[in-house]
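First the structure, in the form of structure tokens, and then the observations on it.
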Amino acid sequence: MNPGGIDLEKTVMRILVRDPERYADREIEVSGWVRGNRDQKAFGFLAINDGTHFNPLQVVYDQGNVSSFEEVSRLRVGAAVTVRGKFLVTPDAKQPFEIIAHEIVLEGDAPEDYPIQPKRHTREFLREVAHLRPRTNLFSAVFRIRSLAAYAVHEFFQERGFVYIHSPIITASDAEGAGELFRVTTLPAQKPPVNEQGEVDFSQDFFGRKANLTVSGQLEAEAFALAFRDVYTFGPTFRAENSNTPRHAAEFWMIEPEIAFADLQDDMDLAEQMIKSVIGKIMALAPEEMEFFFKFVDKGLEVRLRTILEQDFARVTYTNAIEILEKAKAQFEYPVAWGNDLQTEHERYLTEQVFHKPVFVTDYPRDIKAFYMRQNDDGKTVAAMDLLVPGVGELIGGSQREERAELLEQRMKETNINRDELWWYLELRKYGGVKHAGFGVGFERLIMYLTGVGNIRDVIPFPRTVNSCEF
RNA sequence: UCCUCGAUAGCUCAAUGGUAGAGCAACCGGCUGUUAACCGGUAGGUUGUAGGUUCGAGUCCUACUCGAGGAGCCA
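Residue numbers (this note's numbering): 8 to 478.
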């Protein structure tokens, strides 16, 4: 009850959409930001979005009903308002319902230089106003999907009894060989302490040794998999690579499950189930947002996602993939030869031209893969898998891990991995070591795949890339 | 890091080496159910920065800055 004695209920769009009939002809109060204002001589229409639902709410304001009519008719896009009025279900109109206002209060004005207009903006421009872009349709949809996808990922693993591990953000290990590292230090940038050789003396640093931001939680996850059996990490990851592409960021999130008593086949089964589960949940949880992507972002997206849900992913060994590529009529810029890593053009050809769906490529040559991957009996390949998907490229990379201590040590020696730093990783093999496997999913690449948005900078709220750390 | 392309009004884009324009947004006005509303009008510019060629440069040349796409690296 408000002071005026009218039965008035504060509500939000999410609730109204769920059960409009419950509110029919009742007095309600809704607050939101103006998305559009179409004023006429004696009445007008306000589209307001309160952030709780993708679609805006239509507010009808009439000179006879609203005392601040003149002020309301001049409201600009971006202003924040509170509206009180009668809720009306309008089954025959373009919008499912509207509110007939009797009071509209300006909560926060938006001056005429508000950069977001009710028109199409380029993504490049919107990146420059990343603090305002979540108020647009596209980014409203992207970031709600991002939130729901994170939820769906957790739900998938939790339903299966996986234990969520918070792997460290700061690590002392720089031996994982997964790209350039961000140094974490409290040493002064000017004149840091030096040792007798004239090198920076990291023994005087905060941790008494070199420390970096993590590039992967995998090694720590392996330790927990050998205690809990099924675990996953889901957290931020940092790469200081000087790579400027629509698929790379310096700070991104990774999902890394790790499963014990499991081999590469189990690993691929898990990856496939996870992708399908997340897609299915997102389509069920955010139909308005997905419809927007299908219609305005990527015309082929709907068919692609539905195909994934209905069909098994393809699986092909690296060796067979090379044979397919060698027989291909397509002209490749880079030569195809056993022992060479697959180039982007080769991966795209396989997933987009040969299989037309996600494909696992397995059993890569030992020499082009990481030291921890399990060696196959042929002595040439390792039990690795990459999941290639149309449009995005490499979405998942994983492997069965080398559980045999002597073979692991031998590979570390061959690839110049510092044995002393990873003593604990070797002990995992010494004490109750068993076969186990895992993979890493680039969370942003998953979002790109789900939404059809082609640039990683547009699926991260405030993206960090080379030479760019605004906001 | 390499290759290619680009930078003109707040936004999206035009403009043979010869007076910088349009649509949208903004502002003013019109319109009794609009929904990317519609109609009329007004205002808005050191053409990314610094040099150079030329009688004359948004346009040609050089360097730089920023952005995008492709490649490498990877998730």
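Think of the CB as a built atom: it goes at the ideal place given N, C-alpha and C, for glycine as much as any other residue.
query                                                                                                                                                                           : result
Which value, in whole angstroms, describes the spacing of the CA atoms of residue 331 and residue 314?                                                                          : 23 Å
Going by beta carbon distance, what residues of the same chain come within less than 7 Å of residue 308, once the five residues before and after it are set aside?              : 300, 301 and 459
Give me the Cα-Cα distance between residue 370 and residue 388, rounded to the nearest whole angstrom.                                                                          : 6 Å
How big is the Cα-Cα spacing for residue 418 and residue 392?                                                                                                                   : 19 Å
Taking the CB atoms as reference points, tell me whether residue 341 and residue 354 lie closer together than 9 Å.                                                              : no
Let me confirm a value: residue 449 is counted as buried when at least 16 other C-beta atoms fall within 10 Å, else exposed. Which label applies?                               : buried
Spatial neighbours of residue 87 within its chain, please: C-beta separation below 6 Å, excluding the five flanking residues on both sides.                                     : 40, 114 and 115
List the DSSP bridge partners of residue 62.                                                                                                                                    : None; residue 62 has no bridge partner.
Where do the N-terminal and C-terminal ends of the alpha helix (DSSP H) with residue 123 fall, by residue?                                                                      : Here residue 123 belongs to no alpha helix (DSSP H), and DSSP marks it neither H nor E.
By how many angstroms is the C-alpha of residue 312 removed from the C-alpha of residue 164?                                                                                    : 21 Å
Could you say if the segment 66-78 and the segment 37-56 meet the contact criterion of at least three C-beta pairs nearer than 8 Å?                                             : yes
With three or more beta-carbon pairs closer than 8 Å as the criterion, would you say the segment 395-409 touches the segment 270-277?                                           : yes
Report yes or no: do three or more beta-carbon pairs, one from the segment 360-370 and one from the segment 198-218, lie closer than 8 Å?                                       : no
Would you check if the distance between the CB atom of residue 112 and the CB atom of residue 104 is smaller than 9 Å?                                                          : no
Okay, do the segment 74-85 and the segment 21-37 touch, 3+ Cβ pairs below 8 Å being the bar?                                                                                    : no
So, at 6 Å on beta carbons, what are the nonlocal neighbours of residue 241 in its own chain, with the 5 sequence-adjacent residues on each side left out?                      : 262
Go through the segment 345-433 residue by residue and report every complete run of the alpha helix (DSSP H) that reaches 4 residues or more, in order.                          : 351-355 and 412-421
Secondary structure at residue 20, three-state DSSP: helix, strand or coil?                                                                                                     : helix
Within the segment 22-86, note down every full beta strand (DSSP E) run reaching 3 residues or more, in order along the chain.                                                  : 34-46, 50-56 and 64-69
Within the same chain, show all residues whose beta-carbon is closer than 8 Å to that of residue 128, passing over the 5 residues directly before and after it, in chain order. : 143
Please check the pair residue 220 and residue 188, which I expect to be a contact at CB under 8 Å, by giving their CB distance rounded to whole angstroms.                      : 7 Å
What does the Cβ neighbour count give for residue 260, buried or exposed, with the cut at 16 atoms within 10 Å?                                                                 : buried
Just grab the DSSP bridge partners of residue 92 for me.                                                                                                                        : 35 and 108
Checking 9 Å against the spacing of the C-beta atoms, do residue 289 and residue 155 come in under that value?                                                                  : yes
So, helix, strand or coil for residue 160, using DSSP?                                                                                                                          : helix
Can the beta-carbon of residue 443 be found less than 9 Å from the beta-carbon of residue 235?                                                                                  : no
Whole angstroms are fine: how far does the CA of residue 63 sit from the CA of residue 376?                                                                                     : 50 Å
Using three-state DSSP, classify residue 171 as helix, strand or coil.                                                                                                          : strand
Measuring only the C-alpha atoms, how far is residue 160 from residue 281?                                                                                                      : 7 Å
Please determine, among 334, 252 and 174, the residue with the shortest C-alpha to C-alpha distance to residue 229.                                                             : 174
Among 138, 94, 337 and 172, whose alpha-carbon lies nearest the alpha-carbon of residue 470?                                                                                    : 138
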